[in-house]
Every structure is written in C-alpha cells, then in structure tokens.
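Worksheet: the structure to be examined is printed underneath.
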Amino acid sequence: MRALLAILGLTVVVWALVAGWPQVVHAVSALRGANVPLMATAVVAQAGALAMLGRVYRQCVATSGGRVSERDAAGVALRAYAVSRMLPGGGAAAAIFAAQRLRRGGVADGPAVTGVALTGVITMTTLAMIVGLMALQAAADPWWAVAILGVGAFAGAGGGLLLLHAGGARRRLLGVAGRLRRRPALAVWASALEALAERPPRPGAVAAAVGCSAAAWVCELAALWLAIAAVGATLPMSTVALALGAANAAVAVPHTPGGIGVVEVAMTGTFAALGVQAAPALAGVLAYRLVAFWVPVAVGASLLACDGVRRRRRS
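In this text, residue positions in the sequence shown follow this note's numbering: the first is 10, and each later residue adds one.
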C-alpha cells in the first residue's frame, strides 16, 4: 500500500512538473531582465506570508485548547501549502494532511480538526475582506462604505463567537457529535464538535489568528506587487488585490495541480480587464508564480520527501 501511494505521489509530482514546465520556462525568460533586488524582496515577502500562515494555524489550534510550537506550526503550514499546490483541488487534501500532522505532533483530535477548519475559514474570510476593502476604496474613495463593511464584519464575527458560547448552541453541537459517534469513520469530526462545544473559541485567540491572517495576505500582496514591479510594471495595490482575489477564486474550483494555467489566465485576465497591457501583466504574473508557487512547492516537497525517508528508516 505504501509503495502504491509513493508511486501515485511521484506520478502526481511528475505530471505537475510536465504540465507546468512551459510556464517555468516563460517565467525564467521574463525574469532575465528583471530587477534582482525587487525579486529577492518578493521572495522574502512570500516567506513572511508562509511564516504568518504558520502562526494562524497555531492560534486556531489554541482556540480549542490545543498547543503546538511555532516551529511545528510553521512546518505544518509549509508542507500543507505544498500539498495544496501539488494536487487538483488540493485544499481538501491539505486540510486532511494538516490535521493528521498536528495529531501526530501530539495535538488532540478535536483541537486539530477544529484548528484546521478555523484556519481555512479565517484565511478565506480575511482575503475576501481585504479584496472588498480595496475594491471599495478604489471605486470612488468611499471611506464610509469601507467603515461600514469593516464594522459589519467584526460585528458578525463577534456575534458568531457569542452564539458558540451560548448554552443552546453548545447543546446542539454535542447532539450532532453524539450522532456522528455512531459512525466510526466520522469519529474525528465528532471529537472536533465536542471540543468546540466544551471549549468555544476564545475571542483573544481568534483575534490573534485574524491579525496573523491579515498580515499573511498583506505579505502575499506585497510579493505579487514586487514581482510585477520587478519586470517593469507598477500597478495600484487595489488592482493587485483584485487579481489575487480572482486567482484564489479560480483555484477554489479543482482544475489542475496548484491551478497551473488557470491562475495565470485568471490573474492576467483581471489585469487586462482593469486596463493593464497584456505583455507586462503576463510577465508579472509568471514572475509572481515563480516566487509564490514553484519556490515554496519545491521547499515543501523536499520536506515531505525527507519525512518519507525518515518514516521508511524507522519502519
């Protein structure tokens, strides 16, 4: 079984490389005249985004009473990021992998599953908020609308936390968990619901996770802006934010590993719709993909390979 999984994993990696190799070649060609200091800064910004993602995992696990070290959380984040980019619809596979990795690291089932699920909700909600705020600000400088959107989002999050702390909601969660317990395959989800009912998310930990998620997306936006600037194009941050939102929306629907080809089309199309010339837009997107996709995936895949070698030696 392990050999079959290893062959399947290798096949997926080889397929991803073959499918994406033309993109790598084009990106390298575009980078020949790129500004090296700006590209290096983009790499640093992307590393910062992944580091902050690790902190989001850590804070989300802490909301349900679990504990994970910052180093282990960073390792989970980087490996899960690589898994999500190497498989079609890899977000679900990355979530399962992250939960299993946390459980192997000593985190109980409930906090591990709850933490991973909360990480996904917070990161996507935060991105939507940032893109929405940027779009509103770019439309006609309507700061009153931005303020209303921000206050509404925080009010909704606060209301959700209060609801989870209410006795009725907790009893319902325990009731659902009891029904799931009857099916062994769903026992992990039952543990997560029980942990959520017994220890509703602490507002402080949730606020910290939201802050880390916002910082991660700001770093991601900076990496995209810097990569585009490195090939000679300068765009408003609002335009960059809309393109990043379009790319993540495209990746949410399973097509190819890491959205290879899909992300490039979505981002370049968004830039073109906003009035950016196609050639510099495509060059900037390819440069960004080299920074935000190929480099992190190479590092994460190397770590996963090392993990596999260590497991084989132990067995």
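Glycine included, each C-beta is placed from N, C-alpha and C at the ideal position.
With 16 or more other Cβ atoms inside 10 Å of its own Cβ, residue 68 counts as buried. Secondary structure at residue 44: coil, using DSSP grouped into helix, strand and coil. For residue 274, the enclosing alpha helix (DSSP H) stretches over residues 271-282.
Going by DSSP, residue 287 is part of the alpha helix (DSSP H) stretching over 287-298.
The C-beta separation of residue 111 from residue 129 comes to about 14 Å, leaving the pair out of contact by the 8 Å criterion. Cα atoms of residue 65 and residue 85: separation of roughly 11 Å, rounded to the nearest angstrom. For residue 318, the uninterrupted alpha helix (DSSP H) segment begins and ends at 304-323. Cβ neighbours of residue 221 within its own chain (closer than 7 Å, five residues either side excluded): 61, 64, 65 and 68. Sixteen is the threshold: when 16 or more other Cβ atoms of the shown chains lie within 10 Å of the Cβ of residue 55, as they do, the residue is buried.
Counting C-beta pairs with one atom in each stretch, the stretch 41-54 and the stretch 225-240 have three or more that are closer than 8 Å, which means they touch. Residue 112 sits in a helix when the DSSP states are folded into three classes. Burial check for residue 120: the Cβ neighbour count within 10 Å reaches 16 or more, so the residue is buried. Ranked by Cα distance from residue 279, the first of 46, 253 and 114 is 253. A Cβ-Cβ contact shorter than 8 Å links residue 102 with residue 92. The alpha carbon of residue 73 has as its nearest neighbour, out of 122, 81, 107 and 48, the alpha carbon of 122.
Each of 237, 297, 113 and 298 was checked against the Cα of residue 289, and the nearest Cα belongs to 237.
No Cβ-Cβ contact shorter than 8 Å links residue 257 with residue 96.
8 Å or more divides the Cβ of residue 281 from the Cβ of residue 275. Going by DSSP, residue 222 is part of the alpha helix (DSSP H) stretching over 212-239.
Check the Cα spacing between residue 260 and each of 312, 49, 316 and 90: the tightest is with 90. Between the alpha carbons of residue 216 and residue 76 lies a gap of roughly 17 Å. Per DSSP, the continuous alpha helix (DSSP H) segment holding residue 93 begins and ends at 79-95. The beta carbons of residue 240 and residue 293 sit closer together than 8 Å.
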